[in-house]
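Q:
Number of protein chains: 2
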Amino acid sequence: MPVATSTLDALCVNTIRGLSMDGVQAANSGHPGLPMGAAPMAYSLWTRHLRHNPKDPHWFNRDRFILSAGHGSMLLYSLLHLTGYDLPLDELKKFRQWGSKTPGHPENLLTPGVEMATGPLGQGFATSVGYAIAEAHLAAIFNKPGHDVIDHYTYGICSDGDMMEGVTSEAASLAGHLGLGKLIFLYDSNGITIDGSTDITFTEDIEMRFKAYGWHVQKIDGMDIDAVDRALTEAEKIKDKPSFIIARTIIGYGSPHREGTPEVHGKALGADELKLAKEALGIPLEPTFYEPEDAVSHFREAVSNGAKWQEEWNAKLAAYTQDYPAEAKLLKASIAGDWGTAWIDALPTFTDKLATRKSAEAVMDAIMPHLPTFIGGSADLWESNMTHLKDAKQFQPESHEGRNLAFGIREHAMVAAVNGITRHGGLRAFGSTFLIFSDYCRPSLRLAALMECPSIIVFTHDSIGLGEDGPTHQSIEQLTSLRVIPNMNVLRPADGNEASACWKIAVESTETPCLFALSRQALPALTPDTVKNHPAEKGGYVLRPASKAKPDCVLVATGSEVQHAVAAKDTLEAEGISTQVVSMPSTFLYDKQSAAYKESVLPKGVPTVSIEAGATLGWYKYAQAFVGIDHFGASAPTEVVMKEFGFTPENVVAVAKKLLGR
Amino acid sequence: MPVATSTLDALCVNTIRGLSMDGVQAANSGHPGLPMGAAPMAYSLWTRHLRHNPKDPHWFNRDRFILSAGHGSMLLYSLLHLTGYDLPLDELKKFRQWGSKTPGHPENLLTPGVEMATGPLGQGFATSVGYAIAEAHLAAIFNKPGHDVIDHYTYGICSDGDMMEGVTSEAASLAGHLGLGKLIFLYDSNGITIDGSTDITFTEDIEMRFKAYGWHVQKIDGMDIDAVDRALTEAEKIKDKPSFIIARTIIGYGSPHREGTPEVHGKALGADELKLAKEALGIPLEPTFYEPEDAVSHFREAVSNGAKWQEEWNAKLAAYTQDYPAEAKLLKASIAGDWGTAWIDALPTFTDKLATRKSAEAVMDAIMPHLPTFIGGSADLWESNMTHLKDAKQFQPESHEGRNLAFGIREHAMVAAVNGITRHGGLRAFGSTFLIFSDYCRPSLRLAALMECPSIIVFTHDSIGLGEDGPTHQSIEQLTSLRVIPNMNVLRPADGNEASACWKIAVESTETPCLFALSRQALPALTPDTVKNHPAEKGGYVLRPASKAKPDCVLVATGSEVQHAVAAKDTLEAEGISTQVVSMPSTFLYDKQSAAYKESVLPKGVPTVSIEAGATLGWYKYAQAFVGIDHFGASAPTEVVMKEFGFTPENVVAVAKKLLGR
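Written out as structure tokens, the structure reads:
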């Protein structure tokens, strides 16, 4: 079938456009505009720069590609299909349909070759910074003279929407500071968003802005394949700055009535305009989802190239293994996510009264030397979060081998970066800030859960118990609002032993993010010191059995309030009320237990009181009466606030007795 | 008592420092560093520029002052006290104590003269953009030749932390685009954050960055009172750009061992260092909280100046009232928050099957012409949110009279701006985006609730019902996670009539933010058309009574799922199960009803099933069985997704019968 384009490049680019238009048209839903405008730059990147292996999407040293503008998913699906990933044409025909591998926005769990879920704007960009941190850190700790076993780029395509989101600014500032030279973003500057021209709201000088962040910036014609190629080559040469390539493009290129307009952004073209667009681009009208052989075979060179690249890397790794057997062993284990067992043996136990942020610090001090491929830090609250790794350097431009990450007051970019490091593989990552600021990073927390990415975030100062800083800093609804995210494990230990057990849970998690909620204030040691096999692993457990086989009453508490449940039990028992105390550090894990186990912990029909210094809404699932707080807090010393708001053994006793009608 | 400072200015500045140090020391908690370093610039602003009236903190045309760096609260409390606000010295002595007017971070509800709650970084800065929008809009719609009845500045002080937060970047880009010439920020650039020098993570060129946003930028010595004065004077002359004054300061100035170090940021100086600092600054050691008479009387000139400024304005308003009686009437009513009743008469009723985003659009079309001092817009989703005001212009640099705000893809800055416009007074404001993106703006939503600021946010596409866009865009946990915020009214109407009633609730709200959750998909009209007096005002109500006096079963549903409850009732009744259907558009309002009313809606002991296309966790409070979704969604057409995940009458029937053991 004759094609009216004169060159192979144009044929390939138009093949992407054709598949993308047809996919959106078949679904009558989706975003044709971005794939049509960004096809040239994506083609240039994917055929001339990206080193990947379609037959092994998990090849460790592959270049990472992140489509931050996830709404342009048909661009990515077209590329994956054409270059030979396990994504048959039939899947492209089922774009946005139930059970397909081609959802509306890219999802790493569904589609081979999709590095991460994107769509919520800014997330792809910010997470990419994590990928680049991971590459830089692994290279710094593993590479040796003559042995560059870790050596790849992180490429991305981002959009106007990404550029407006705050998380992008945080991440860009951080990446510029850290000098992440192997991070390269193409900015699809098409001047159009859903509501019209970007002129209606987005008139900043983005070139100047990125220069201000310390990036290497180029401005090019994004419709010119060779210009893109040259810019990428230039960017790859810059070793000490991330690169930002502002590529001017035409959204919906080829659609005679819609190119360059908002109409082509997020709607199918419709049969008539699709026909005109195909005619304009020289794409045959039939068959739909047209793949000219010449284009396919050119794209598919990725398969042989990929095999070759991976083989070369395998040889490198073999030579490295020869010369540096210990390092190679650690690298391979880390890639496999095998953290050994030495860290488990090192888990400390506790007997002293300590804030859980302090006991968790002691846990980290004990286990982190045995987990050398863990990296993390704080959003400018190291002293408060107590997550600074001892005897370890900071990850700075001149010291990418450092394990301590100073994220700055950028909670959102922090969690996105932690996600990126974790998704990269070879490393596990953690971040930390106050629990209240979980609100600032919620979109990235949710994405971790959705991607089944086991990010670890240490939230401290987890309630009104933080005291004087007052209601702007006191969590009320945060515990509940985090627990309600699917696949999110919120861990609120009651003491040091539970903190130790919770760290074990977090390190061993493979597909669930773990969020610590730790106290600022000191808490007594109350739970078993069997930290390697602690009942906390079941999420909730009987901490103090009732005096009778069938309790009259159950008190279920978490974190800093477990002590009040234990004290209240004594009073209640003294009054003849047989009371079972349950510690519930993780409702997520508890909910997964068997019905029989749950019946032993929270027996049906037994009056149950929950005690947690937070909102009560989430506790109706487990209890009938509540010691909680459903209004904002107050600024005053911890003991005063806690007492004024009813977090005392006396009040627990009163609430329990009221529930029992005593 | 002799003071070793040679000038009145220095005496005044050191008085602020002394009060701030003593306040923090008395509490043994707080942040002395910022007040000590920023005292000169604050003094210059407050005594030479700020037009305010300490005896009437609500004087409408006052300059607004926002301390975005809320942790420096003692600076603000010192200024308020010294200039004559109703904040006695005794309150400063009770800094951070239970029941005082001087909480750890500023709270508008507690302290006269505090415009807004600050502390969560970036919020003050971003909210200030809203204040400036409000001033510009009111000036544009009310001022007439010779009558500048609205004419004030919005000043702020921000910190390094503010500058790193993403919301600040969003807001700064928006403010630059909008040309908000009367917004002036002093940036307390002290080079220090909690974890150390800003060099460890924050090395961007902030001057260049703000120029890129389109701001007028100056760089000065922030310790030089006259330099600050000159910079402010210069900034006030710039009419078409917001102003950013980078003021280099020394954190903890005067503390011999701690100035310029992180140690002075967030801890009391301690008795010894405090003594040395006072000696260095020439502040007498006794009494503590020392207020030299000369300083006080100089600061207190604000009282007579304020009275004079307000009198002048009263005269202006009188002349305006004379010449423009209709406009003056509207202005006064809007300042009083009196929106009249014409809009209530205009509330439409509905009989057709319509998406609630569409019926809500019809409501807005009907009422907004009667609410001329309402202003708002969308975060680049006007076409989807359907919140563009008909026959109204956009608020753009050349048209500040426009009522339609193009916020850009900046959800967080949008809500902050809505808060600022609303807190400014004289206007009510709304924003809109998809419900999933409530995660992006959560810190500002929380702050609205904390400030008792009745912001209105219209969230559409409120569940998996949005279909093809898939799990990254499908809300699951959002409804619950928003409802659990104290003082937050989430409104999820079932049809157009409820949407009409919910808009009435939102407009009439005076101290609670209202969040709409609206469907993308069409919903049948099911509820009464008595929209002026709709039972939805009680939050939850019996939509379909059971066939028997005492129902066998209650189905409680919200929004798009109410239709399934109604359909399921018919099947259940046909099988002899007397079923009451409850529509629950607002759990917030329902929870406020009397026990007797609640017993009539959700009678105790009657098996109850909740039906909502969202997480079940929040429904255990009201029901024992659940039709909900506790995992992420999927990309497919709406009807398919809804059916696959069990949102059908058949499944509601099945769940109800299982609960009843039938």
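Protein chains in written order, with our numbering: chain A, 1282 to 1943; chain B, 1282 to 1943.
Yeah, the Cβ is synthetic: ideal placement off N, Cα and C, and Gly gets one too.
Since I believe residue 1753 of chain B is in contact with residue 1400 of chain A (beta carbons under 8 Å), could you give me their beta-carbon distance rounded to a whole number of angstroms?
A: That pair is a contact at about 4 Å.
Q: If you measure from the beta carbon of residue 1454 of chain A to each beta carbon in chain B, is any gap under 8 Å?
A: For residue 1454 of chain A, the answer is yes, since a Cβ of chain B falls inside 8 Å of its Cβ.
Q: Is there a Cβ of chain B sitting closer than 8 Å to that of residue 1571 of chain A, yes or no?
A: It does not: the Cβ of residue 1571 of chain A has no partner Cβ on chain B nearer than 8 Å.
Q: Pick out whichever of B:1346, B:1340, B:1337 has its Cα sitting closest to the Cα of residue 1330 of chain B.
A: Answer by Cα proximity: B:1346.
Q: Judging by CA-CA distance, which residue of B:1545, B:1820, B:1807 is the nearest neighbour of residue 1305 of chain B?
A: Per the Cα distances, B:1545.
Q: When burial is assigned at 16 or more other CB atoms within 10 Å of the CB, is residue 1266 of chain B buried or exposed?
A: Outside the shown range of chain B (1282 to 1943) lies residue 1266 of chain B, about which nothing can therefore be said.
Q: When burial is assigned at 16 or more other CB atoms within 10 Å of the CB, is residue 1912 of chain B buried or exposed?
A: Result: exposed.
Q: Going by the DSSP bridge assignment, what does residue 1346 of chain B pair with across the sheet?
A: The partner list for residue 1346 of chain B (beta bridge, DSSP) reads B:1436.
Q: Compare the beta carbon distance of residue 1925 of chain A and residue 1842 of chain A with 8 Å and say whether it is the shorter of the two.
A: For residue 1925 of chain A and residue 1842 of chain A, no; Cβs fall outside 8 Å.
Q: What span of residues does the beta strand (DSSP E) with residue 1500 of chain B cover, start to end?
A: Run containing residue 1500 of chain B: 1497-1502, per the beta strand (DSSP E) assignment.
Q: Do residue 1743 of chain B and residue 1631 of chain B have their CB atoms nearer than 8 Å?
A: Against a cut-off of 8 Å, the Cβ pair of residue 1631 of chain B and residue 1743 of chain B comes out as no contact.
Q: In angstroms, rounded to a whole number, what distance separates the CA positions of residue 1458 of chain A and residue 1497 of chain A?
A: Going from the Cα of residue 1458 of chain A to the Cα of residue 1497 of chain A covers about 12 Å.
Q: Secondary structure at residue 1309 of chain B, three-state DSSP: helix, strand or coil?
A: Coil.
Q: For residue 1906 of chain B, which option in B:1836, B:1813, B:1488, B:1850 has the closest C-alpha, if you only look at C-alpha atoms?
A: Looking at the Cα atoms, B:1836 is the closest of the given residues.
Q: Could you check how far apart the C-beta atoms of residue 1712 of chain B and residue 1688 of chain B are, in whole angstroms? I think they sit under 8 Å.
A: So it is a contact: roughly 6 Å between Cβ atoms.
Q: Is it buried or exposed for residue 1877 of chain B, if we count other Cβ within 10 angstroms and need 16 for buried?
A: That one is exposed.
Q: Between the region 1291-1310 of chain A and the region 1562-1573 of chain A, do three or more beta carbon pairs fall short of 8 Å?
A: With the cut-off at 8 Å, the region 1291-1310 of chain A and the region 1562-1573 of chain A touch.
Q: Within the continuous alpha helix (DSSP H) that includes residue 1528 of chain A, where are the two ends?
A: Looking at the DSSP string, residue 1528 of chain A is not in any alpha helix (DSSP H); the run it does join, the beta strand (DSSP E), is 1524-1529.
Q: Can you say whether residue 1476 of chain B is buried or exposed, counting buried as having 16 or more other CB atoms within 10 angstroms of its CB?
A: Buried, since its Cβ has 16 or more Cβ neighbours within 10 Å.
Q: Can you find the residues in the same chain that come closer than 7 Å, C-beta to C-beta, to residue 1353 of chain A, ignoring five residues on each side of it along the sequence?
A: 1312, 1315, 1316, 1319.
Q: Is residue 1274 of chain B buried or exposed, if buried means 16 or more other CB atoms sit within 10 Å of its CB?
A: A question about residue 1274 of chain B goes unanswered here, because the residues of chain B that appear run from 1282 up to 1943.
Q: Mind checking whether residue 1625 of chain B and residue 1541 of chain B have CB atoms under 8 Å apart?
A: Contact flag unset, no.
Q: With 7 Å as the C-beta to C-beta threshold (strictly closer), list the residues of the region 1392-1420 of chain A near chain B in chain order.
A: Flagged, chain order: 1398, 1400, 1401, 1402.
Q: Roughly how many angstroms separate the alpha carbons of residue 1289 of chain B and residue 1668 of chain A, rounded to a whole number?
A: Cα-Cα distance, rounded: 46 Å.
Q: Would you please state the rounded distance, in angstroms, between the beta carbons of residue 1691 of chain B and residue 1445 of chain A? I believe it to be under 8 Å.
A: The pair is a contact, with the Cβ atoms about 5 Å apart (cut-off 8 Å).
Q: Ignoring anything shorter than 3 residues or poking outside the region 1773-1844 of chain A, list the beta strand (DSSP E) runs there in chain order.
A: For the region 1773-1844 of chain A, whole beta strand (DSSP E) runs of length 3 or above, ordered along the chain, are 1795-1799, 1822-1825, 1834-1838.
Q: Taking C-beta pairs closer than 9 Å, name the residues in chain A that residue 1731 of chain B reaches, listed in chain order.
A: Chain A residues near residue 1731 of chain B: 1752, 1753, 1913.
Q: Rounded to whole angstroms, what is the Cα-Cα separation between residue 1407 of chain B and residue 1680 of chain B?
A: C-alpha separation (whole angstroms): 21 Å.
Q: Looking at the C-beta of residue 1929 of chain B, does it have a partner C-beta in chain A at a distance below 8 Å?
A: It does not: the Cβ of residue 1929 of chain B has no partner Cβ on chain A nearer than 8 Å.
Q: Whose CA, out of B:1848, B:1881, B:1455, lies closest to the CA of residue 1804 of chain B?
A: For the residues B:1848, B:1881, B:1455, the minimum Cα distance to residue 1804 of chain B belongs to B:1848.
Q: Beta carbons nearer than 7 Å to chain A: which residues of the region 1435-1449 of chain B have them?
A: Within the region 1435-1449 of chain B, the qualifying residues are 1442, 1445, 1446, 1447, 1448.
Q: Would a check of beta-carbon distances place residue 1789 of chain B closer than 8 Å to chain A?
A: With 8 Å as the cut-off, residue 1789 of chain B does not count as an interface residue toward chain A.
Q: For a test of the three-state rule: what should DSSP assign to residue 1739 of chain A, helix, strand or coil?
A: Residue 1739 of chain A falls in the strand class under three-state DSSP.
Q: Check whether chain A comes within 8 Å of residue 1727 of chain B, counting only Cβ atoms and requiring the distance to be less than that.
A: True, the Cβ-Cβ gap to chain A drops below 8 Å.
Q: What residue ranges within the region 1367-1412 of chain A form continuous alpha helix (DSSP H) runs of no fewer than 4 residues, ordered along the chain?
A: For the region 1367-1412 of chain A, whole alpha helix (DSSP H) runs of length 4 or above, ordered along the chain, are 1370-1374.
Q: Out of B:1866, B:1389, B:1645, point me to the one whose CA is closest to residue 1730 of chain B's CA.
A: Of the listed residues, the one whose Cα sits closest to residue 1730 of chain B is B:1389.
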